[in-house]
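Comments concern the structure below.
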Amino acid sequence: MTKHTNRIASPLLRRINERRLLEVIQRQGPSSRAMLARSSGLTAPTVSKAVDLLLARGLLEELDPVEQALGRPGRLVRMATESAAVLGVVVDASTCCIVAAGLDGRVTEEQTRRLPTPDTYAAVMDGIERQCRGLLAEISGTVHGIGVSVPGLVNERLREIVCSPNLHILDKRNPARDLEDRLGVPCVLTQETDSLCLSERMYGAARGLEDFAVLDATTGLGLGAMSGGQLLAGHSGMAGEVGHITVAPDGIRCGCGNRGCLETLATDAALLRLLAERLGHPLDIAGAAALLAERSADFQPEIRTVTEHLAIAIAAVINIFNPTALLVHSTLLAGSEERFARVLERVKHRTLTASLADCTIVAARSSKRQGAIASIMHHLTNTWAPSIR
Ligand SMILES: [Zn+2]
9 MTKHTNRIAS
19 PLLRRINERR
29 LLEVIQRQGP
39 SSRAMLARSS
49 GLTAPTVSKA
59 VDLLLARGLL
69 EELDPVEQAL
79 GRPGRLVRMA
89 TESAAVLGVV
99 VDASTCCIVA
109 AGLDGRVTEE
119 QTRRLPTPDT
129 YAAVMDGIER
139 QCRGLLAEIS
149 GTVHGIGVSV
159 PGLVNERLRE
169 IVCSPNLHIL
179 DKRNPARDLE
189 DRLGVPCVLT
199 QETDSLCLSE
209 RMYGAARGLE
219 DFAVLDATTG
229 LGLGAMSGGQ
239 LLAGHSGMAG
249 EVGHITVAPD
259 GIRCGCGNRG
269 CLETLATDAA
279 LLRLLAERLG
289 HPLDIAGAAA
299 LLAERSADFQ
309 PEIRTVTEHL
319 AIAIAAVINI
329 FNPTALLVHS
339 TLLAGSEERF
349 ARVLERVKHR
359 TLTASLADCT
369 IVAARSSKRQ
379 GAIASIMHHL
389 TNTWAPSIR
């Protein structure tokens, strides 16, 4: 490389190094410059310069000396938590959730607001705006942005939700753009299972993994897949819709308009529907969990149907994507050790043996509100510089 091209490339290289440091600090928490040089493989002067710039931009902050460990290994820096914040907004079929967090991404109940999802789009936006304004008024530091997590098909080229099978008031809408207009704070729209994927990689069970998937089998059946460290997107960001594979050609009508989608048989919502049909009255998720804890023997046919279809969904993801880990979100099936063991037993009969041998399947722990925070943190680091691996 000539000196000339080297000079041209250096601003980008500098940003790539800064991004790498941000990711190291996100992963390992408060760190001294010497620790960062060791973990990142960058030289001490490069680390120092990058840390100074990230401090000036308000993405990092120096730890108060009294908070530091004995022996003081040089001043520690961490993701800005006192002086900066991000917000996460989860729009969901039954409840919307708004949360504030520092750039370390730690979410707490004190900083969380919830509201039952109103039945019109305008009322949803009014409710979310009100809760956001309440949280923003309590934050003293700089707010870097808001991550908005939504269910359904998000078309990234059109920048809108083209169809949300379980919450049609979102069809043809972009709540992130609308919230940005109302609040004047940058907002980013992310599909909820993509958010969960980012969250598991930043804060959860998929730290350091490049090829893994998150299957959300709660209300709808959503997939977020990371391949080679990048979210699987497809042409318009709509890839990975395993939930709408037909498994029962004459089955019940799905929210997408077709019949017998996997989503209608493999989710918590599917089990709720089957239990309600059997009992002759509707019940909520907590009611169903309590019922199954006490009398699961009475509902074996319903449990078996959903177990079998969730196993088919898991097998499809493993066969198609060859992930090293698959994290499954489901309150009624993955949330019970005994029922999840049954799902995993059925997965063995539906998956290619070699692909299954590569993959660890675990119940996911991260929440959609953590996902919304992860989506804005991903956006902040991603707009800073591309990721080079
Ligand atoms: Zn469907």
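Mapping of the sequence shown onto this note's numbering: residues 9 to 397, in sequence order. Where is the CB? At the ideal position from N, CA and C, for every residue including glycine.
According to the DSSP assignment, residue 371 belongs to the beta strand (DSSP E) that extends over 368 to 371. In the displayed model, residue 92 falls within a strand according to three-state DSSP. In the displayed model, residue 154 falls within a strand according to three-state DSSP.
A direct Cα-to-Cα measurement between residue 209 and residue 216 gives close to 7 Å.
Residue 62 and residue 282 have their C-alpha atoms spaced approximately 53 Å apart. Taking the C-beta atoms as reference points, residue 316 is found nearer than 8 Å to residue 354. Per DSSP, the unbroken alpha helix (DSSP H) holding residue 139 starts and ends at 129 to 146. Looking at the DSSP output, residue 336 sits in a beta bridge with 223 and 371. At least one heavy atom of ligand 1 lies closer than 7 Å to the C-beta of residue 266. Distances between the C-beta of residue 176 and the heavy atoms of ligand 1 are all 7 Å or more.
Distance check between residue 197 and each of 363, 170 and 350 places 170 closest, using alpha-carbon atoms only.
Taking a cut-off of 8 Å for Cβ pairs, the segment 87 to 104 and the segment 144 to 159 touch, as three or more such pairs fall below it. Following the DSSP letters along the chain, one finds residue 235 in no alpha helix (DSSP H) but inside the beta strand (DSSP E) bounded by residues 230 to 235. Per DSSP, the unbroken beta strand (DSSP E) holding residue 170 starts and ends at 168 to 171. Minimum Cα-Cα distance from residue 26 among the listed residues 240, 60, 199 and 43 corresponds to 60.
With contact defined as three or more Cβ pairs closer than 8 Å, the segment 313 to 330 and the segment 185 to 202 are not in contact.
Inclusion of residue 140 and residue 122 in the CB contact set at 8 Å is not warranted, their separation being larger than that value. Shown here for residue 359: same chain residues with a beta carbon closer than 7 Å to its own, the five before and five after excluded, namely 323, 326 and 327 in chain order. Put simply, the backbone Cα of residue 333 is about 33 Å away from that of residue 180. The beta carbon of residue 357 sits no closer than 7 Å to any heavy atom of ligand 1. By the neighbour-count criterion, in which 16 or more other beta carbons inside 10 Å mark a residue as buried, residue 257 falls on the exposed side. Note on residue 29: 16 or more other CB atoms within 10 angstroms of its CB, so buried under the neighbour-count rule. Within the same chain, Cβ atoms closer than 6 Å to the Cβ of residue 143 are found at 108, the five residues on either side in sequence being excluded.
Per DSSP, reduced to three states, the secondary structure at residue 119 is coil, with no helix or strand assignment. Secondary structure of residue 310 (DSSP, three-state): helix. For residue 68, the secondary structure class from DSSP, reduced to helix, strand or coil, is strand. Judged by DSSP secondary structure, residue 105 falls outside any alpha helix (DSSP H) and instead within the beta strand (DSSP E) spanning 103 to 109.
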